[in-house]
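Below is one structure, written out as structure tokens, with a few remarks after it.
Numbering (my numbering), first residue to last: 610 to 905.
In structure tokens:
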């Protein structure tokens, strides 16, 4: 196996694991009524601790170094943490109010918000492909939310709201940490970001009250998957694949995530989607592909 193939397989593996993570969340919400706030709080704190544990073992970066790096870096660290919190909290709240495939695909409108930031704030000139991408994304969202009937909202306004919160937040933490990621490694930044994002939720949710009706082995397995195989492992394997194949191919391959979410939710949870759901999701995925290809 050559190096490029190994990189592609690492990226497919990581995005597939992320896709299954949302399905595990749906399983916990539907079958055991797990509190989404509790799930996010525990996930973020434990995953962040594991990341920083790896950093401490490696010993290449001072544990509290980021907090002694000056006002600009600290501000970006806080903004990154808030963006991470909004992205993950909105994602799992949307799943609890709809389903994993719908939430995952709608959150993939994140590149559109980054594009709007570039057009409206940075005043960059739009290309025809970019404008078409915005139209396609809006069409996809409309089809998923209404199934083609503008008088009927199939997706609840609350679920749509949380998907937008997640997508905008993900755009925020993609845009903000410019100096932060130049000074510190991604696992280090992610570790602190995860922990801070989880600690913000502590006043709103007891760590000892999950709201779940029971914790059989299947529920414990799903929760463990979300923390380890749905967060820590895919992040590290994604970075490994990214170094091999580059950001453009990585962005294209990341479109496997919603496809895996759809596949596993339909096969294992019996989630039912109609034809217009698939058309709308395809519009959004095509948008991501178009906006990724333009970076070549």
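We treat Cβ as the ideally placed atom computed from N, Cα and C, and that holds for glycine.
Computed from a predicted model, the values in this text were never measured in an experiment.
Can you grab the Cα-Cα spacing for the pair residue i / residue j, in whole Å?
i, j, result
"residue 831", "residue 735", "43 Å"
"residue 884", "residue 875", "13 Å"
"residue 625", "residue 716", "16 Å"
"residue 602", "residue 631", "Residue 602 cannot be examined here, being either before or after the span of the chain that is shown, 610 to 905."
"residue 711", "residue 663", "33 Å"
"residue 605", "residue 674", "As displayed, the chain neither begins before 610 nor continues past 905, which places residue 605 out of reach and without an answer."
"residue 680", "residue 687", "11 Å"
"residue 732", "residue 725", "9 Å"
"residue 730", "residue 685", "18 Å"
"residue 667", "residue 647", "30 Å"
"residue 899", "residue 639", "35 Å"
"residue 872", "residue 807", "29 Å"
"residue 615", "residue 767", "41 Å"
"residue 905", "residue 895", "Confidence in residue 905 is poor, its pLDDT being 47 and thus under 50, which makes the residue's placement too unreliable to answer from."
For residue i, which residues of its own chain have a beta-carbon under 6 Å away from its beta-carbon, when the five flanking residues on both sides are left out?
i, result
"residue 611", "none"
"residue 670", "664 and 797"
"residue 692", "778, 781 and 782"
"residue 890", "714"
Could you pull out every residue in the same chain whose Cβ sits closer than 7 Å to the Cβ of residue i, ignoring the five residues on either side in sequence?
i, result
"residue 805", "690"
"residue 763", "754, 755 and 756"
"residue 641", "821, 822, 823 and 828"
"residue 788", "681, 682 and 685"
"residue 708", "635, 874 and 880"
Using C-beta distances below 8 Å, list every residue in its chain close to residue i, excluding the 5 sequence neighbours before and after it, in chain order.
i, result
"residue 834", "629, 630 and 633"
Please confirm whether residue i has its beta-carbon closer than 9 Å to some beta-carbon of chain D.
i, result
"residue 819", "The structure shown has no chain D; it contains just one protein chain."
When we look at the beta-carbon of residue i and count the other beta-carbons within 10 Å, is it buried (16 or more) or exposed?
i, result
"residue 652", "buried"
"residue 791", "exposed"
"residue 623", "buried"
"residue 627", "buried"
"residue 654", "buried"
*Pairing CB atoms from the stretch 790-807 with CB atoms from the stretch 653-662, are three or more of them under 8 Å?*
Here the stretch 790-807 makes contact with the stretch 653-662; the two share three or more CB pairs at distances below 8 Å.
_Within 8 Å, do at least three Cβ pairs link the stretch 685-705 to the stretch 768-779?_
Look at the beta carbons and you see the stretch 768-779 touching the stretch 685-705: at least three pairs across the two are nearer than 8 Å.
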